[in-house]
Structure formats: C-alpha cells, structure tokens
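Q: So that we are looking at the same thing, I have put the structure below in structure tokens.
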Amino acid sequence: MTYEQFLALFLLIPIAFWIWLSRNHISRRLVALLAALSLLALVYTGPWDNLIVSQGVWSYHPRQIAGVVIGRVPLEEYVFYVLQVTLTGLIAAALLTARRRP
Amino acid sequence: MFGHATYLTLELVWAAPVLIVQWAAGNRILWTCRVRVALAILVPTIYLSCADAVALANGIWLLHRNRILGFMIGNVPVEETIFFLLTNAMVVQTIALAANHPAFGVLRPRTTRAPDNETGV
Numbered sequence: 017m018t019y020e021q022f023l024a025l026f027l028l029i030p031i032a033f034w035i036w037l038s039r040n041h042i043s044r045r046l047v048a049l050l051a052a053l054s055l056l057a058l059v060y061t062g063p064w065d066n067l068i069v070s071q072g073v074w075s076y077h078p079r080q081i082a083g084v085v086i087g088r089v090p091l092e093e094y095v096f097y098v099l100q101v102t103l104t105g106l107i108a109a110a111l112l113t114a115r116r117r118p
Numbered sequence: 734m735f736g737h738a739t740y741l742t743l744e745l746v747w748a749a750p751v752l753i754v755q756w757a758a759g760n761r762i763l764w765t766c767r768v769r770v771a772l773a774i775l776v777p778t779i780y781l782s783c784a785d786a787v788a789l790a791n792g793i794w795l796l797h798r799n800r801i802l803g804f805m806i807g808n809v810p811v812e813e814t815i816f817f818l819l820t821n822a823m824v825v826q827t828i829a830l831a832a833n834h835p836a837f838g839v840l841r842p843r844t845t846r847a848p849d850n851e852t853g854v
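Residue numbers (my numbering), protein chains in the order written: chain U, 17 to 118; chain F, 734 to 854.
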C-alpha cells in the first residue's frame, strides 16, 4: 500500500462518506473554520515535521511516496494534516453541536 | 537530540503551548462540554491509531527504534497514539471554543438556543 492509497482508504473515503451523511448539517461557518484550521495545521506542523525527520525520528520509503518532497517531508504528509483536521473537525462539530434529547 | 525520548519530547514541547493557551483562555467553555470534547478527541485518536497500524505495517512511516521509547500497542509505538491525542485535542478544542464563542457564533445552522443551555453534557 502506498501513502496515496492509505490517504484515500483511511481518510478521503471516510470523509466523503461523512460529508454525504451529514450534508444538511454542515454550515458555511464550519467549512470556513475547517479551512482556516487546515491552513494553521500546515503552518504549525510543517516545520515541526521537518525537524522530526531531521532528528531521525522517522523517514519515508521512496517506493511508498510519489516523490514530491517539500523540505524533508513528502507532499502526502502535508495532505495528511489537512485530511486529519477535516476528519476530526467534522466529528467534533457533529458531537459538539448535537442537541441533547429532551 | 534526546535519544529514545526524542519523539515524545518533541511532540509534547510542540503541542503544549497551544493546549495551555486554549485551557487558559477557554477553561469555562471547555469544562462545560468536557464529555463531548473528550469523546471527539478519543474517537478519531483510536481510529487513526488503528489506521496507523496499517500504515506502519506497510512501511509508509518508518519509525526509528533509537528515537522512540519502545512501548508499543501492537505494532504502534505509544508516541504515535500520543501524537494523535495531542493533534486531535488541538483541533477539537479549537472547534469547541469557536462553537461557543460569541464573536464567532454557534456552528449549528438552525437553532437559536444559547450554548450555555448545553450544560452537563
């Protein structure tokens, strides 16, 4: 399994399914918030991830990634931050805005 | 940099400032919806840790033995689960604070009920 296939199977497909299920409950504000959070995640995690790789904590098998590397980190990893924020954000929004049963 | 504690140290030092600021600024809001916040953090953390087990088994992330403590849950180093816990906490607490902050407004599109009614969740 490549990194792209992992992203598709474990992040993209569940996110797409979740969005389809909750399509009437996703406000424009939530979309804007998730977009802002994704940007923040890229800015805050990108440099840290590069530090992690430079300190030899983890590395990537060249056969598992497409080959586009920004700094020391493959493009797929930056996509991962955005997808994780989206998945967790959707779950959080659903849980935090659900009304209690009377 | 820190031998076997490198991953753990770097993730804790990296996430702590954000989490501390969120709790310092929004402790009242976060405490009010603590059960939902905890659930919203734990569910994706467990899910991503399971997905991580598959990714690690496929060699997508190659974690280096001399940079982790060596405590494993299956084939997942405990630092990985802590990473998901910390990152999901940052995301969920931001959503919780935004959802209840008057300046941002509630996220739920079709209700006028005040968020303070949601006590004891």
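Glycine is no exception: its CB is placed at the ideal position from the N, C-alpha and C atoms.
Computed from a prediction, not measured in an experiment: that's the story for all the values here.
1. How would you label Gln21/U, buried or exposed, when you count the other beta carbons within 10 angstroms and need 16 or more for buried?
2. Nearest CA to the CA of Gly62/U: which residue from Val95/U, Gly83/U, Leu106/U?
3. Going along chain F in order, which residues have a C-beta closer than 7 Å to the C-beta of Ile107/U?
4. Just grab the DSSP bridge partners of Ser75/U for me.
5. Would you say the stretch 106-114 of chain U touches the stretch 819-835 of chain F, given that touching needs at least three Cβ pairs under 8 Å?
6. Closest Cβ-Cβ distance between Gly72/U and chain F: below 9 Å?
7. Taking only the alpha-carbon atoms, compute the straight-line gap between Thr18/U and Gly792/F and give it to the nearest angstrom.
8. Which word fits Phe26/U, buried or exposed, when buried means at least 16 other C-beta atoms lie within 10 angstroms of its C-beta?
9. Of the residues Thr113/U, Val69/U, Glu92/U, Gly87/U, which one's Cα is nearest the Cα of Arg79/U?
10. Determine whether the Cβ of Trp64/U lies closer than 9 Å to any Cβ atom of chain F.
11. Among residues of its own chain, excluding the 5 on either side of Thr742/F, which ones have a beta-carbon nearer than 8 Å to its beta-carbon?
12. Report the rounded CA-to-CA distance for Thr739/F versus Leu112/U, giving the unit in angstroms.
13. Answer with buried or exposed for Ser782/F, where buried requires no fewer than 16 other C-beta atoms within 10 angstroms of its C-beta.
14. Distance check for Gly807/F and Val754/F, CA to CA, integer angstroms please.
15. For Tyr19/U, which residues in chain F fall below 7 Å Cβ to Cβ?
16. Where Asn850/F and Cys766/F are concerned, what is the direct C-alpha to C-alpha distance, given to the nearest angstrom?
17. Compare the C-beta of Ser38/U with all C-beta atoms of chain F and state if any pair is closer than 9 Å.
A: Checking against the coordinates, here is how it stands:
1. exposed
2. Val95/U
3. Ala773, Val776, Pro777
4. Leu795/F
5. yes
6. yes
7. 9 Å
8. buried
9. Glu92/U
10. yes
11. Met734, Phe735
12. 34 Å
13. buried
14. 34 Å
15. Ile793
16. With a pLDDT of 48 at Asn850/F, under the threshold of 50, the modelled position of this residue cannot be trusted; read the value that follows with caution. Their Cα atoms are separated by approximately 11 Å.
17. no
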